[in-house]
Amino acid sequence: MEAKKIKQMFVEGPISSQFIAESISKHSSKKNIGAHQLFLGQVRQDEINTGQVMAIEYTCYKEMAEPILEAIREDCFAKYPLTCLHIYHSLGLVNAGEICLFVFTSSSHRQAATEACSYLVERIKKEVPIWGKEILSDTSSVWKINQ
Amino acid sequence: MEAKKIKQMFVEGPISSQFIAESISKHSSKKNIGAHQLFLGQVRQDEINTGQVMAIEYTCYKEMAEPILEAIREDCFAKYPLTCLHIYHSLGLVNAGEICLFVFTSSSHRQAATEACSYLVERIKKEVPIWGKEILSDTSSVWKINQ
Amino acid sequence: MNSSDQIQVKIVAFGIAQEIIGSSSIIIHCEPTLNACKENLKTMFPNLTKEFIQYAVNKQIVSENISLNSHCEIALLPPFSGG
Amino acid sequence: MNSSDQIQVKIVAFGIAQEIIGSSSIIIHCEPTLNACKENLKTMFPNLTKEFIQYAVNKQIVSENISLNSHCEIALLPPFSGG
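Protein chains in written order, with this note's numbering: chain V, 169 to 315; chain L, 169 to 315; chain Z, 253 to 335; chain B, 253 to 335.
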């Protein structure tokens, strides 16, 4: 079962569109898939205090984050009839305009993939010990706050 | 305004992962985007009567479909605070395992992109005059029915 | 009404309706209403009555009985199955 | 309680907590409860009291006061901001 496999979910630096394309094309051999839902988080160039966000530097508590991500994956497979599910989050520096989160769900019929994708994004943002430090154009920095 | 621009929404044959990657990377210059939601429809190798679905051949009533797609785009921009929105649907032959529909929404915060993406997929499937003919392994064919 | 009141309209057909008619587009003669046009089509192609078909007049789906003129394009639309 | 009852625990700190402590990991001495550990940290690093920090013991978030031993790893977790 895909749900049991321990996967590499952290990526050093931004997630490239090429990586996403390869991830999509790997699924063309799974002929029972009818729907894919992809969520991509992109670093915004927000205006904060004295400067613009130029990049976010992500760190995580990996030994805690990995089992939590595994548990979220397993809960998601138990809750929705998915064919597969992939989660990738950046660590280190990701510039404004680059992708830092890639959540990818696939199912026979679209409802499962769509609902599972939102479910995963919500839980990842709330439950996984990852921190983003926003690096501003004036070289100061601010710890990111999720809304 | 992006909503006013008439765009090419039909693609001859399958939608390649390379096309999707290029579409994603074009958005890296839009620094107010924080979230992308992508829906991909993939042709399933369903078992039907006497054979397996090997491909779907899509046709459309283009002169009617294009203004409907434009109206759906405009309604979607009016309803959700989106940065941009793209819709691509295949015409002609798409093999099982290949992508036939690509809906792509982007916004500053994730809720708009996520809800808009589902809104578009529902309306496209219901309202746009497109027909899929399922080509079976025994060379017979069946007109696809959306559930 | 005699045949001098009849008009010529262009019929375009898609999906299974195109298979039944055997062509993507034909010209038929009918009295100048949508219902008359539908009746003529069903007489010419009885298998159309077995299918759920919506009709569009000049790219607008129409369910009531409206008047037609010779410039009308009548489309036969089986259930959509895009995506 | 005298100092012989104290244990050594490893503290790991993330985000703004790491900035306040000035290190990703330190060893501190404290009596063998989570509350005692928190109090020591706040005395050593008063700026910690200004932040919302959750504590994890051996990778599990703990809100009540539990006993600690020398093998415990205590993590200081500011609000998560992944994605």
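Note that beta-carbon positions come from the ideal geometry of N, C-alpha and C, so glycine has one too.
Beta-ladder partner(s) of residue 304 of chain V, from DSSP: Note: residue 304 of chain V sits in a beta bridge opposite V:221.
Closer than 7 Å to chain L by CB, residue 307 of chain V: Among the CB atoms of chain L, none fall inside 7 Å of the CB of residue 307 of chain V.
Please report the straight-line C-alpha distance between residue 299 of chain B and residue 272 of chain B, rounded to a whole angstrom. In a straight line, the C-alpha of residue 299 of chain B is about 7 Å away from that of residue 272 of chain B.
Just confirm the distance between the C-beta atoms of residue 255 of chain L and residue 192 of chain V, as a whole number of angstroms; I'd bet it's less than 8 Å. About 17 Å separates the two Cβ atoms, so there is no contact after all.
Complete runs of the alpha helix (DSSP H) confined to the segment 182-270 of chain L [at least 4 residues]: Positions of the alpha helix (DSSP H) runs, each at least 4 residues long and wholly inside the segment 182-270 of chain L, are given as 185-193 and 230-247 in order along the chain.
For residue 285 of chain Z, list the residues DSSP reports as bridge partners. According to DSSP, residue 285 of chain Z bridges with Z:319.
Chain-order list of residues whose beta-carbon lies under 8 Å from that of residue 285 of chain Z (same chain, five-residue window excluded): In its chain, beyond the 5 residues on either side, 317, 318, 319 and 320 have a beta carbon closer than 8 Å to the beta carbon of residue 285 of chain Z.
Check whether chain V comes within 7 Å of residue 240 of chain B, counting only Cβ atoms and requiring the distance to be less than that. Nothing can be reported for residue 240 of chain B, as the shown portion of chain B is limited to 253 through 335.
Start and end of the beta strand (DSSP E) containing residue 261 of chain B? It spans 259-265 - the beta strand (DSSP E) in which residue 261 of chain B sits, taken as one unbroken run.
When DSSP labels each residue in this structure, what does residue 303 of chain B get in the three-state scheme? Residue 303 of chain B carries a coil assignment under DSSP once its states are collapsed to helix, strand and coil.
Roughly how far, in whole angstroms, is the beta-carbon of residue 278 of chain V from the beta-carbon of residue 289 of chain L, given that I think they are within contact range, below 8 Å? Taking 8 Å as the upper bound for CB-CB distance, residue 278 of chain V and residue 289 of chain L are in contact here, some 7 Å apart.
Might you give, ordered along the chain, the residues of its own chain that have their beta carbon closer than 7 Å to the beta carbon of residue 283 of chain V, omitting 5 neighbours on each side? Only 248 meet the Cβ criterion.
Selection from Z:302, Z:267, Z:330 and Z:292 that minimises the alpha carbon distance to residue 279 of chain Z: Residue Z:292 holds the alpha-carbon nearest to the alpha-carbon of residue 279 of chain Z among Z:302, Z:267, Z:330 and Z:292.
Measure the C-alpha to C-alpha separation of residue 274 of chain Z and residue 194 of chain L and round it to an integer number of angstroms. Cα to Cα, residue 274 of chain Z sits roughly 44 Å from residue 194 of chain L.
Rounded to whole angstroms, what is the Cα-Cα separation between residue 315 of chain Z and residue 309 of chain Z? Taking the straight line from one Cα to the other gives about 10 Å.
I want to see whether chain V comes within less than 7 Å of residue 332 of chain B, judged by CB atoms only; does it? Yes, residue 332 of chain B lies at the interface with chain V (some Cβ there is under 7 Å from its Cβ).
Where residue 319 of chain V meets chain B, residues with beta-carbon distance less than 8 Å: Only positions 169 to 315 of chain V appear in the structure, and residue 319 of chain V is not among them; the question remains open.
Going by C-alpha to C-alpha distance, which of B:303, B:307, B:312 and B:277 sits closest to residue 262 of chain B? The shortest Cα separation from residue 262 of chain B among B:303, B:307, B:312 and B:277 belongs to B:277.
Are the C-beta of residue 314 of chain V and some C-beta of chain B separated by less than 7 Å? The Cβ of residue 314 of chain V sits closer than 7 Å to at least one Cβ of chain B.
Given that residue 265 of chain L touches chain V, what residues does it touch there, using C-beta distances under 9 Å? Residues of chain V passing the Cβ test: 195, 196, 197, 198, 199 and 201.
Checking contacts by CB at 7 Å: is residue 299 of chain L closer than that to chain Z? With respect to chain Z, the C-beta atom of residue 299 of chain L has a partner C-beta closer than 7 Å.
Considering Cα atoms alone, identify which of L:181, L:217 and L:287 is closest to residue 304 of chain L. Of the candidates L:181, L:217 and L:287, L:217 places its Cα closest to the Cα of residue 304 of chain L.
Do you know whose CA, among V:237, V:203, V:214 and V:281, lies nearest residue 310 of chain V's CA? Closest option to residue 310 of chain V, Cα to Cα, is V:214.
List, in order along the chain, the chain Z residues whose C-beta lies closer than 8 Å to that of residue 175 of chain L? What residue 175 of chain L touches in chain Z: nothing, since even the nearest Cβ is about 17 Å away.
Determine the closest residue to residue 274 of chain L out of L:295, L:178, L:221 and L:198, with distance taken between C-alpha atoms. Nearest to residue 274 of chain L by alpha-carbon distance, out of L:295, L:178, L:221 and L:198, is L:198.
Anyone know if the C-beta pair for residue 268 of chain L and residue 221 of chain L falls short of 7 Å? It is not a contact, given that the beta carbons lie outside the stated cut-off.
Short CB-CB distance (under 7 Å) between residue 274 of chain B and chain V: It does not; no Cβ of chain V falls within 7 Å.
Using DSSP with H/G/I as helix, E/B as strand and the rest coil, what is residue 313 of chain V? Three-state DSSP puts residue 313 of chain V in coil, outside helix and strand.
Helix, strand or coil: how does DSSP classify residue 314 of chain B here? DSSP places residue 314 of chain B in strand when its eight states are reduced to three.
The beta strand (DSSP E) with residue 179 of chain L in it runs from where to where? First-last of the beta strand (DSSP E) with residue 179 of chain L: 178-180.
Interfacial residues, the segment 282-294 of chain V to chain L, with Cβ spacing under 7 Å: So the list reads 282, 286 and 289, given in the order they occur along the chain.
Short check: CB of residue 225 of chain L to CB of residue 301 of chain L, under 7 Å? Going by C-beta atoms, residue 225 of chain L is nearer than 7 Å to residue 301 of chain L.
Would a check of beta-carbon distances place residue 255 of chain L closer than 7 Å to chain V? Not an interface residue.
Quickly, what does DSSP pair residue 273 of chain L with across the bridge? List them, please. Answer is L:205 and L:253.
Please identify, using Cβ separations under 8 Å, the residues of the segment 276-308 of chain Z that lie next to chain L, in order along the chain. Per Cβ criterion, the list reads 308.
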